[in-house]
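For the record, the sequence lines run as chains A and B.
Note that my numbering gives residue 195 to position 195 of the first sequence, counting from 1, and the numbers run on in steps of one.
Note that my numbering gives residue 884 to position 507 of the second sequence, counting from 1, and the numbers run on in steps of one.
Quick reminder that beta carbons are idealized off the backbone N, C-alpha and C, glycines included.
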Amino acid sequence: MSQHHAENKEPLVHLSKRPAIHPVKGALIRLIAILLGLVVCGLVAFLLIEKVREKPEKIWDFYNAFIKGSFSTPRKFWKFLRSTAILLGIALALTPAFRMRFWNTGAEGQTLVGVLGAIAVDFYLGGKIPELLLLILMLLAALLCGAVWGVIPALCKAKWNTNETLFTLMMNYVATFLVSYFLVIWVPNGSSSLPKMKFGKLPAIGGNDYLLIILVILALTIALYIYLNYSKHGYEINVVGESVRTAQYVGISVPKVIIRTMILSGMLCGLVGYLIAAGLDQTVTTNSVGGQGFTAIMVSWLGKFNPLFMILTSGLIQLLNQGAAQISQDFNVSGALPAVVTGIILFFIIGCEFFINYELHFRGRHARGKAAKEGVK
Amino acid sequence: MEKELALQMRGITKRFGSVVANDHVDLDVYQGEILAILGENGCGKTTLMNMISGIYFPDEGQIFVDGQEVVIRSPKDAFRHGIGMIHQHFKLVDLFTAAENIVLGVEEEGRYNLKTVNEKVGALANKYGFHLDPQKKIYDMSVSEKQTVEIIKVLYRGADILILDEPTAVLTPQEISRLFDVLRRMKADGKSIIIITHKLNEVLEVSDRVAILRKGEHIATVNTRDTNEAQLTEMMVGKKVSLNIDRTEPKDAAPRLMVKGLNLDNSEGLHVLKDVSFTAYGGEILGIAGIAGSGQRELLESIAGLQPLKSGEIIFRNPKKDRPVTFFHKSMKRVKELGAQGAFHDQDMRPVSFDGMSTAAIRRWVESGDVLFKEDEIINLRNKTPLEIRELGVRLSFVPEDRLGMGLVGSMGITDNMMLRSYRKGPGGFLDRKKPRALADEIIHDLEVVTPGVNTPVRRLSGGNVQKVLVGREIAFAPKVLMAAYPVRGLDINSSYTIYHLLNKQKENGVAVIFVGEDLDVLLELCDRILVINSGAVTGIVDARAATKEEIGLLMTKTEPIRKEDA
Chain A
1 MSQHHAENKE PLVHLSKRPA IHPVKGALIR LIAILLGLVV CGLVAFLLIE KVREKPEKIW
61 DFYNAFIKGS FSTPRKFWKF LRSTAILLGI ALALTPAFRM RFWNTGAEGQ TLVGVLGAIA
121 VDFYLGGKIP ELLLLILMLL AALLCGAVWG VIPALCKAKW NTNETLFTLM MNYVATFLVS
181 YFLVIWVPNG SSSLPKMKFG KLPAIGGNDY LLIILVILAL TIALYIYLNY SKHGYEINVV
241 GESVRTAQYV GISVPKVIIR TMILSGMLCG LVGYLIAAGL DQTVTTNSVG GQGFTAIMVS
301 WLGKFNPLFM ILTSGLIQLL NQGAAQISQD FNVSGALPAV VTGIILFFII GCEFFINYEL
361 HFRGRHARGK AAKEGVK
Chain B
378 MEKELALQMR GITKRFGSVV ANDHVDLDVY QGEILAILGE NGCGKTTLMN MISGIYFPDE
438 GQIFVDGQEV VIRSPKDAFR HGIGMIHQHF KLVDLFTAAE NIVLGVEEEG RYNLKTVNEK
498 VGALANKYGF HLDPQKKIYD MSVSEKQTVE IIKVLYRGAD ILILDEPTAV LTPQEISRLF
558 DVLRRMKADG KSIIIITHKL NEVLEVSDRV AILRKGEHIA TVNTRDTNEA QLTEMMVGKK
618 VSLNIDRTEP KDAAPRLMVK GLNLDNSEGL HVLKDVSFTA YGGEILGIAG IAGSGQRELL
678 ESIAGLQPLK SGEIIFRNPK KDRPVTFFHK SMKRVKELGA QGAFHDQDMR PVSFDGMSTA
738 AIRRWVESGD VLFKEDEIIN LRNKTPLEIR ELGVRLSFVP EDRLGMGLVG SMGITDNMML
798 RSYRKGPGGF LDRKKPRALA DEIIHDLEVV TPGVNTPVRR LSGGNVQKVL VGREIAFAPK
858 VLMAAYPVRG LDINSSYTIY HLLNKQKENG VAVIFVGEDL DVLLELCDRI LVINSGAVTG
918 IVDARAATKE EIGLLMTKTE PIRKEDA
């Protein structure tokens with residue numbers, strides 16, 4: 001046994017799970033993570049951007065771009081608010097499902113069919129019926145389409161216990177092709193690009209095209225917060241998400257909750273689709289949602305499925321997006337570099353959750369503690 | 378000192394966050410002795426042993442094996458120093474034979490030859506008196522046989538120091554005494570055996586010395602022959618505890634729950650309940666004894682409406698409800714007779730008298746529906762969902778075995794857990810947290826639940842406090858039938874007695890209590906009758922005041938497991 005003696009050394013680092021973390025400490029860790037992420041981005045910028053390499057003081061312009069991207073002009077600021085609102089809206093739609101541990105990865109498709117439904121009504125009825133009625137019918141169509149897209153995987157999950165993650169993911173592709181199909185029918189010249197609709201446009205409040213969208217999403221945030229935390233439905237969602245067996249034990253019908261919640265989740269995606277269709281684009285393309293259905297998954301997770309926190313996380317992600325675009329413009333670099341920068345910062349933000357959940361113990365620290373203790377004796 | 382030291386621990390400390398699991402523990406183990414480590418749950422017994430067997434690494438302190446200081450970083454290191462641990466949960470490959478499991482992961486010189494392995498395993502088993510067929514597959518084995526495989530696995534690797542973590546928890550009394558014989562033989566062979574347990578009688582029976590841990594500290598090590606149950610308990614708990622459970626005679630025991638010919642198949646088509654019949658009376662505690670996994674969980678879940686039955690009836694008699702008298706099932710003559718006997722009353726509970734009334738007047742009065750009588754309501758719970766059962770007015774409470782996975786929601790606070798059964802009440806779509814909050818405060822106060830606040834997730838509470846919350850909620854709904862599955866599993870002595878007293882109180886209130894337990898001593902002391910279940914069939918219902926442990930042990934193992942018939 002003694003021959004092993006020399007090699008026996010204490011491990012350098014060992015981990016232990018934190019029981020609970022003080023909110024201030026948690027916030028501090030997250031802040032440090034963002035700062036570290038920015039430092040690493042700076043290094044990347046220094047290595048890859050010629051302008052910065054030549055004049056190192058330009059690095060401040062690089063950091064400043066994140067602020068500039070969203071706040072330098074009123075137009076950029078309103079764009080920031082609008083895009084944050086849309087992203088937040090989709091994330092809100094996902095949250096009831098996520099709280100139920102139903103991993104809905106189909107927000108992209110559910111939102112897209114919402115856009116498609118609204119535009120379809122607009123395409124066939126626009127100009128033939130009063131504008132207000134048109135807008136209402138467009139809304140109903142969008143809600144219905146989103147709900148149908150959401151409830152199909154839920155029905156299969158409730159009936160045959162299919163995997164909802166794959167199912168909802170595949171439904172995204174079906175939605176995309178569905179849009180392509182209609183574009184072929186609607187656009188006879190074969191360009192598949194549908195011109196902007198003349199009718200069915202949401203009114204601008206005080207001359208601002210985006211204000212209505214922002215207000216709707218803000219109201220939705222508060223309503224969903226109340227629904228999830230203070231309603232009987234919200235309570236059932238939390239119980240099912242935590243333990244299906246507990247739900248059965250107290251007599252909650254799990255399939256019913258899954259189906260009801262996915263109808264809601266899909267309908268809210270449809271609502272955002274309606275806002276995109278009637279409030280912004282006035283048309284539909286296969287890229288109408290532009291991947292925000294996937295980004296929203298991250299917004300919801302980072303916001304810990306709390307609608308109020310999600311205001312912050314969606315804002316942060318939009319800030320990074322617009323900052324990246326600004327960098328691309330200011331430093332005349334390709335779009336790939338800003339994507340790298342965004343990725344690095346998100347990596348740090350998500351990675352720091354590890355340090356929030358676990359504590360590291362380094363070798364030798366306890367030995368000092370022991371010495372101190374003996375010193376007291 | 379006659380005997381040589383096998384293992385020494387000096388100043389071993391382990392912290393988990395702010396919790397100190399072991400605080401400067403010094404412990405000696407000699408060669409050829411059985412050392413029992415005794416302590417309540419959460420006192421750091423298992424943590425301490427995990428540090429010797431390489432699962433955790435101590436924050437401070439030294440470990441010596443045969444006088445040499447060693448550092449144990451992994452189970453492999455532990456084996457190199459001759460230390461082997463037999464965990465509470467077995468780690469075996471079901472499809473392999475005993476011998477294949479035993480050699481798994483052993484690095485030996487030469488070619489792998491199953492025949493020599495079988496011989497070696499057989500020889501080891503014979504040496505210590507185990508009954509084991511090396512070529513038997515694990516899935517064909519009983520719990521006790523699996524444990525034997527685990528022990529031989531450790532011996533095969535040349536362990537001189539064996540640690541057994543709660544080895545008797547899953548065994549019948551007969552199997553326990555066989556295990557103890559084997560341990561004594563190993564001791565005679567010079568092995569050091571450390572046995573973790575919280576059962577005092579076993580400590581006194583098998584060990585040479587007892588080390589008592591309390592709240593992570595090593596309180597004392599005493600020679601077993603110089604001590605007794607009371608002294609050990611006092612050291613373990615830190616204060617004197619009365620170990621008596623008051624058992625009152627059941628009074629006006631009335632049939633409350635009648636289970637008739639219950640059959641249940643699980644999802645794999647195996648019969649988990651076979652023709653189970655029994656009656657539970659209000660005002661008594663019916664114990665259910667059996668080896669773990671004999672169908673206890675399925676039986677309670679069937680009654681609670683969580684399992685779809687194959688056949689059988691579950692009849693609930695709701696005691697004495699006011700019902701209007703009708704002529705449909707009572708003739709005029711019978712009504713007059715019963716009225717004269719004072720069997721009827723009105724809505725204000727005043728006795729009804731028909732004296733001097735004409736037949737027509739009596740008829741008018743009865744037909745108005747104001748003449749009431751008491752009648753038991755008979756409800757069949759078969760194939761009803763938990764919600765339907767509750768809507769029928771059946772007050773059936775159920776404390777499931779899996780507290781956080783079934784009875785409570787771990788991430789919610791006490792208030793939100795109080796609403797689990799009642800949140801639907803009240804109009805509108807919103808929750809009313811006022812009453813649950815008041816109930817939460819009441820339970821915290823009455824049952825002395827230790828929690829930072831009513832909204833602290835119950836997952837963060839200790840096992841005993843979690844159980845108090847669950848039992849408290851189930852009792853708060855004034856049940857007529859209370860089913861509790863292993864309600865004291867993992868609880869320390871004080872919390873266990875709190876639970877026993879709560880169950881006793883329910884019994885005195887006329888509730889039919891069904892108590893599934895694993896500790897036969899407790900079952901015999903607490904219950905009025907004990908139903909013994911074995912492989913899903915009832916093998917006997919005995920009077921707990923007259924039965925013995927051995928008798929119940931025999932009933933627990935009476936027939937062979939069914940899977941043999943299938944094979």
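Spatial neighbours of residue i in its chain, beta-carbon cut-off 8 Å, leaving aside the 5 residues before and after
{"i": "B:D510", "result": "A475"}
{"i": "A:H4", "result": "For A:H4, the predicted structure reports a pLDDT of 42, less than 50, and the residue's modelled location is therefore unreliable. A value from the coordinates is still provided. So the list is empty, once near-sequence residues are dropped."}
{"i": "A:A247", "result": "E236, V239, V240, V254, V257"}
{"i": "B:R759", "result": "L686, G689, E690, I691"}
{"i": "A:H366", "result": "Per-residue confidence for A:H366 stands at a pLDDT of 48, beneath the threshold of 50, marking its modelled position as unreliable; the derived number appears in the next sentence. Cβ neighbours of A:H366 beyond the five flanking positions: none."}
{"i": "B:V348", "result": "No answer is possible for residue 348 of chain B: it lies beyond the span of chain B, which begins at 378 and ends at 944."}
{"i": "B:V786", "result": "D793, N794, L797, V835"}
Contacts around residue i, its chain only, beta-carbon distance under 6 Å, and the 5 residues preceding and following it disregarded
{"i": "A:K373", "result": "Because the pLDDT of A:K373 is 41, which lies under 50, any placement of that residue in the model is unreliable, and the number read from its coordinates should be weighed accordingly. Cβ neighbours of A:K373 beyond the five flanking positions: none."}
{"i": "B:Q439", "result": "R387, E446"}
{"i": "B:A861", "result": "V776, F892"}
{"i": "B:K935", "result": "N911, T916"}
{"i": "B:K761", "result": "G682"}
{"i": "B:R392", "result": "D436"}
{"i": "A:L81", "result": "I214"}
{"i": "B:R562", "result": "Y505, G506"}
{"i": "B:V614", "result": "I870"}
Terminal residues of the beta strand (DSSP E) in which residue i lies
{"i": "B:T916", "result": "914-920"}
{"i": "B:M860", "result": "858-862"}
{"i": "B:M321", "result": "Because chain B is modelled from 378 through 944, residue 321 of chain B falls outside the range shown and cannot be assessed."}
{"i": "B:N911", "result": "906-911"}
{"i": "B:G499", "result": "Here B:G499 belongs to no beta strand (DSSP E); instead the alpha helix (DSSP H) covers 491-505."}
{"i": "B:H648", "result": "648-658"}
{"i": "B:A383", "result": "382-393"}
{"i": "A:L360", "result": "358-362"}
Expected contact under 8 Å - CB spacing of residue i and residue j to nearest Å
{"i": "A:T221", "j": "A:I237", "result": "That belief does not hold up - the Cβ atoms of A:T221 and A:I237 are roughly 17 Å apart, past 8 Å."}
{"i": "A:P153", "j": "A:M171", "result": "6 Å"}
{"i": "B:I529", "j": "B:F507", "result": "7 Å"}
{"i": "B:I622", "j": "B:E851", "result": "No, B:I622 and B:E851 are not in contact; Cβ-Cβ is about 20 Å, not under 8 Å."}
{"i": "A:D122", "j": "A:G42", "result": "Contact flag wrong, Cβ pair sits at about 47 Å."}
{"i": "A:Y225", "j": "A:L302", "result": "Not a contact, Cβ separation roughly 16 Å."}
{"i": "A:G150", "j": "A:I263", "result": "6 Å"}
Residue i, enclosing alpha helix (DSSP H) - first and last residue
{"i": "B:L879", "result": "870-885"}
{"i": "A:D122", "result": "107-125"}
{"i": "A:L36", "result": "23-48"}
Contact list for residue i against chain B, beta-carbon separation under 7 Å
{"i": "A:H233", "result": "G806"}
{"i": "A:V24", "result": "Result: empty, since nearest Cβ-Cβ is about 16 Å, beyond 7 Å."}
{"i": "A:A219", "result": "Simply none; closest approach about 18 Å."}
Amino acids of chain B, ordered along the chain, whose beta-carbon sits closer than 8 Å to that of residue i
{"i": "A:E397", "result": "With chain A covering 1 to 377 only, the question about residue 397 of chain A has no answer from this structure."}
{"i": "A:Y230", "result": "F807, L808"}
Contacts of residue i in chain A (Cβ-Cβ under 8 Å)
{"i": "B:P763", "result": "Q248, Y249, V250, G251"}
{"i": "B:Y863", "result": "Going along chain A, no residue has its Cβ under 8 Å from B:Y863, so there is no contact; the nearest lies around 16 Å."}
{"i": "B:P777", "result": "Y249"}
7 Å CB neighbourhood of residue i in its chain, flanking five on each side removed
{"i": "B:S688", "result": "G638, N640"}
{"i": "B:R772", "result": "F854, A855, P856, K857"}
{"i": "B:G784", "result": "V776, P777, L847"}
{"i": "A:F383", "result": "Residue 383 of chain A lies beyond the range of chain A shown here (1 to 377); nothing can be said about it."}
Partner residues on chain A for residue i, Cβ-Cβ distance less than 9 Å
{"i": "B:M783", "result": "S243, R245, T246, Q248, Y249"}
Within the stretch 686-755 of chain B, ranges of the beta strand (DSSP E) (whole runs, at least 3 residues): 688-701
Runs of beta strand (DSSP E) wholly within the stretch 756-830 of chain B (minimum 3 residues, chain order): 773-776
In chain order, each alpha helix (DSSP H) run of at least 4 residues that lies wholly inside the stretch 577-635 of chain B: 577-583, 606-614
Sequence ranges, beta strand (DSSP E) only - wholly within the stretch 407-470 of chain B, length at least 3: 411-415, 437-442, 445-447, 460-463
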